[in-house]
């Protein structure tokens with residue numbers, strides 16, 4: 001495993017993070033989830049990402065049980081707050097009430113006294129940012145979180161949050177956006193704003209929901225049991241990539257990966273890690289073999305000519321529109 005600093009902070013994270021968004025507590029049985037976490041630890045992954053909303057809080061519970069007995073100082077644990085976790089009007093958003101109640105719930109489910117990073121899962125347009133940031137600052141001062149971060153915030157929102165964090169003297173260190181060869185909307189605005197504020201990127205979906213593995217073929221039905229066949233496929237975001245044009249272009253990456261001595265998944269994860277603003281790439285897994293495959297992307301250096309050829313192959317299939325991040329997230 002290779003390691004990087006998270007933004008301009010002193011926190012060191014593994015280049016590959018293990019995330020349990022769609023797997024733990026839903027798609028994957030607990031025994032399989034435990035096996036994947038053990039595999040992650042065995043290959044040197046120290047950074048684990050979850051959220052209170054994943055599998056209606058069950059994902060945190062499973063991860064807490066899977067990590068039980070591990071030396072707490074030996075791994076970094078991240079979780080998030082924003083989306084609904086109950087039926088009440090205050091069971092969502094970034095109000096002081098919801099944040100302070102949610103951190104206690106997350107710590108209980110994760111069976112820990114603190115998380116290393118507590119993240120605002122979206123920007124809350126219905127709560128004053130000052131209220132949100134002060135609640136996060138109080139959590140840090142209480143020792144319940146060591147650092148704070150955000151997920152899917154726009155460049156302007158990041159700048160506003162960073163200004164308040166400086167005023168409150170709270171360590172604001174990360175952004176967690178979607179980023180892959182096919183989805184590059186953070187490059188024009190979000191990354192420059194994050195770099196300016198000292199935030200590192202912890203990117204999710206570097207394999208584009210599995211599309212960049214090459215398992216989906218143009219003109220053919222998705223493999224049985226694959227993510228594209230699930231009822232939540234639209235919500236997961238995979239459908240945007242499931243066109244014949246995109247899938248045809250992805251197949252043209254297969255010989256490039258082979259020439260580089262990489263699997264398609266390794267090529268995809270290594271690609272996001274070429275960006276110096278990226279601190280870690282989150283991978284999920286339903287089987288330990290997937291963890292062992294993905295982790296081989298750590299430390300890989302892709303040659304400039306290979307990067308150029310990837311861009312030439314994907315061409316107009318690459319989504320670059322920065323406005324796709326600039327969509328205020330209303331409370332559900």
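Numbering (the UniProt record's numbering), first residue to last: 1 to 332.
Note that the Cβ used here is the ideal one computed from N, Cα and C, for glycine as well.
Notebook entry, point to check: When we look at the beta-carbon of residue 239 and count the other beta-carbons within 10 Å, is it buried (16 or more) or exposed?
Noted result: By the 10 Å Cβ count, residue 239 comes out exposed.
Next item on the list: Give every residue of the same chain whose Cβ lies closer than 6 Å to the Cβ of residue 115, excluding the five residues on either side of it in the sequence, and list them in chain order.
Entry: Non-local C-beta neighbours of residue 115 in its own chain, meaning closer than 6 Å and more than five positions away in sequence, comprise 77, 79, 145, ordered along the chain.
Checklist line | 4 or more residues per run - each alpha helix (DSSP H) lying fully within the stretch 82 to 132 | finding: List check, alpha helix (DSSP H) in window: 96 to 110.
Next item on the list: Leaving out five residues on either side along the sequence, give the residues of the same chain with a beta carbon under 7 Å from the beta carbon of residue 168.
Entry: Non-local beta-carbon contacts of residue 168 in its own chain, meaning distances under 7 Å to residues more than five positions away in sequence, involve 133, 134, 137 in chain order.
Notebook entry, point to check: Taking the alpha-carbon positions, what's the residue 150 to residue 118 distance?
Noted result: Looking at the two C-alpha atoms, the distance is approximately 8 Å.
Check: Where residue 67 and residue 52 are concerned, what is the direct C-alpha to C-alpha distance, given to the nearest angstrom?
Finding: Between residue 67 and residue 52, the C-alpha separation is close to 16 Å.
Checklist line | C-alpha distance - residue 323 paired with residue 34, whole-angstrom precision | finding: CA-CA distance, residue 323 to residue 34, rounds to 38 Å.
Note to self: Only counting the same chain, and skipping five residues up and downstream in sequence, which positions put a Cβ closer than 7 Å to that of residue 223?
What the structure shows: Answer for residue 223: 215, listed in chain order.
Note to self: Only counting the same chain, and skipping five residues up and downstream in sequence, which positions put a Cβ closer than 6 Å to that of residue 295?
What the structure shows: A distance below 6 Å between beta-carbons, with the five flanking residues on each side excluded, links residue 295 to the following residues of its chain, in chain order: 16, 43.
Note to self: Using C-beta distances below 8 Å, list every residue in its chain close to residue 332, excluding the 5 sequence neighbours before and after it, in chain order.
What the structure shows: Legend: pLDDT at residue 332 = 37, less than 50; position of this residue unreliable, value from coordinates given subsequently. Spatial neighbours of residue 332 in its own chain (CB-CB distance under 8 Å, excluding positions within 5 residues in sequence) are listed in chain order as 83, 84, 92.
Note to self: Are the CB atoms of residue 129 and residue 344 within a distance shorter than 8 Å?
What the structure shows: The question about residue 344 has no answer, for the chain in this structure spans 1 to 332.
Notebook entry, point to check: If you follow the alpha helix (DSSP H) that residue 221 is part of, which residue opens it and which one closes it?
Noted result: Residue 221 -> no alpha helix (DSSP H), and no H or E assigned at all.
Item checked: Close Cβ partners of residue 278 (< 6 Å) along its chain, the five nearest in sequence each way excluded -> These residues qualify, in order along the chain: 201, 203, 272.
Check: CB-CB under 7 Å to residue 3, same chain, minus the five flanking residues each way: which ones, in chain order?
Finding: Within its own chain, the residues whose Cβ lies closer than 7 Å to the Cβ of residue 3, once the five positions on either side in sequence are excluded, are 12, 13, 14, 15, listed in chain order.
Margin query: What does the alpha-carbon distance come out to for the pair residue 73 and residue 101?
Written below: Looking at the two C-alpha atoms, the distance is approximately 25 Å.
Next item on the list: Tell whether a beta-carbon distance below 8 Å holds between residue 55 and residue 291.
Entry: No. Outside cutoff.
Item checked: 8 Å contact criterion, which residue 154 and residue 190 should meet: CB distance rounded -> Indeed, because the Cβ distance is near 7 Å, the residues count as touching under 8 Å.
Next item on the list: Excluding the 5 residues preceding and the 5 following residue 299 in the sequence, name in chain order all residues of the same chain whose CB lies nearer than 6 Å to its CB.
Entry: For residue 299, where only same-chain residues beyond five positions count, the Cβ hits under 6 Å are 2.
Note to self: At the level of alpha carbons, what is the spacing between residue 304 and residue 139?
What the structure shows: Straight-line Cα distance between these residues: approximately 43 Å.
Note to self: Restricting to Cα atoms, I'd like to know which of 280, 302, 311 is closest to residue 353.
What the structure shows: The structure shown has nothing for residue 353, since the chain only spans 1 to 332.
Next item on the list: Assign residue 29 to one of three DSSP states: helix, strand, or coil.
Entry: Under the three-state reduction of DSSP, residue 29 is assigned to coil, being neither helix nor strand.
Check: Would you call the CB atoms of residue 268 and residue 206 closer than 8 Å?
Finding: Against a cut-off of 8 Å, the Cβ pair of residue 206 and residue 268 comes out as a contact.
Item checked: beta strand (DSSP E) segment containing residue 4, residue limits -> Counting along the chain, residue 4 sits inside the beta strand (DSSP E) bounded by residues 3 to 5.
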